[in-house]
Amino acid sequence: GATPFMTLLAACQLLLARWSGQTEVVVGTPVAGRTRGETEGLIGYFLNTLALPTDQGGDPAFRERLARVREATLGAFAHQEVPFERLLEELNPPRTLGHAPVFQAMFNLLSFGDDVPGELAGLPVEPLHRADAPAAKYDLTLYAREEEGGIGFQLVYDADLFGAERMAEMLGQLRTLLEGIVKSPERRVSELPLLRPEERGALRAAGV
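And the structure:
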């Protein structure tokens, strides 16, 4: 009963929980904000940001963990029209220049590919590719996109906080985690692997 978005979000939150040692992880996600048919043809900015919290406590099986994420996601999307600024007013979290309030990591499942129609409403259309890398608005932003034969990920991060090698390691662990989830969704989340067998063997050989 869960969507690909919920499943990937659950894995992302689980990885962040394992890395941070925290039982509650809040991840942000953008929503289009076009929940009504009359807005579909309008040109303009309707985007809003949702904060999606989940409790990692109790060490449940991943299938149960996914049910929690599904419930939290459905609840958040049911109130997606509440502006994020209103949420900040109600929560009034401590502000700091060091990081964004409420959440510092974002997950975005892109539902469109690189293919665009050559013509739209009689107008020629072509993709616009930015030459520069996307700027990091949060500590971490994980983009996921369905590709031929699988799912591709792009991790945008604050280079003042993380190094490229560490972020490559994080993406590798996400892949290993997802493979473990697919293979054994009934395993407890603490038992799902982050390291491949050869990586665990290298750590044991190094006495870690």
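Under the working numbering, the first residue of the sequence shown is numbered 28, with each subsequent residue one higher.
Note that CB positions come from ideal geometry on N, CA and C, so glycine has one too.
Model, not experiment: these values are computed from the prediction.
Round the Cβ separation of residue i and residue j to the nearest angstrom and send it over; I've been treating them as touching at under 8 Å.
i: residue 39; j: residue 104; result: With 8 Å as the limit, residue 39 and residue 104 do not qualify as a contact, their Cβ atoms being about 17 Å apart.
i: residue 52; j: residue 83; result: 6 Å
i: residue 180; j: residue 191; result: Not quite, the Cβ-Cβ distance comes to about 15 Å (not below 8 Å), so this is no contact.
So, at 7 Å on beta carbons, what are the nonlocal neighbours of residue i in its own chain, with the 5 sequence-adjacent residues on each side left out?
i: residue 111; result: 75, 76
i: residue 126; result: 166
i: residue 120; result: 128, 129
i: residue 193; result: none
At the level of alpha carbons, what is the spacing between residue i and residue j?
i: residue 65; j: residue 109; result: 19 Å
i: residue 88; j: residue 114; result: 31 Å
i: residue 129; j: residue 226; result: 34 Å
i: residue 85; j: residue 91; result: 11 Å
i: residue 116; j: residue 63; result: 26 Å
i: residue 188; j: residue 224; result: 29 Å
i: residue 106; j: residue 56; result: 13 Å
i: residue 231; j: residue 47; result: 22 Å
i: residue 185; j: residue 123; result: 16 Å
i: residue 178; j: residue 209; result: 14 Å
i: residue 138; j: residue 215; result: 30 Å
i: residue 195; j: residue 221; result: 13 Å
i: residue 95; j: residue 101; result: 10 Å
Within its chain, find whatever has a CB closer than 6 Å to the CB of residue i; leave out the 5 residues flanking it on each side and keep chain order.
i: residue 31; result: none
i: residue 44; result: 52, 83
i: residue 145; result: none
i: residue 29; result: 93, 97
Using a threshold of 9 Å, state whether the C-beta atoms of residue i and residue j are closer than that.
i: residue 212; j: residue 93; result: yes
i: residue 132; j: residue 54; result: yes
i: residue 197; j: residue 182; result: yes
i: residue 201; j: residue 169; result: yes
i: residue 69; j: residue 99; result: no
Please list, in chain order, all residues of the same chain as residue i whose beta carbon is under 8 Å from its beta carbon, the five residues on each side excluded.
i: residue 50; result: 44, 82, 83, 84
Counting Cβ pairs, one atom from each stretch, are 3 or more of them under 8 Å apart for the region 28-46 and the region 199-210?
-> yes
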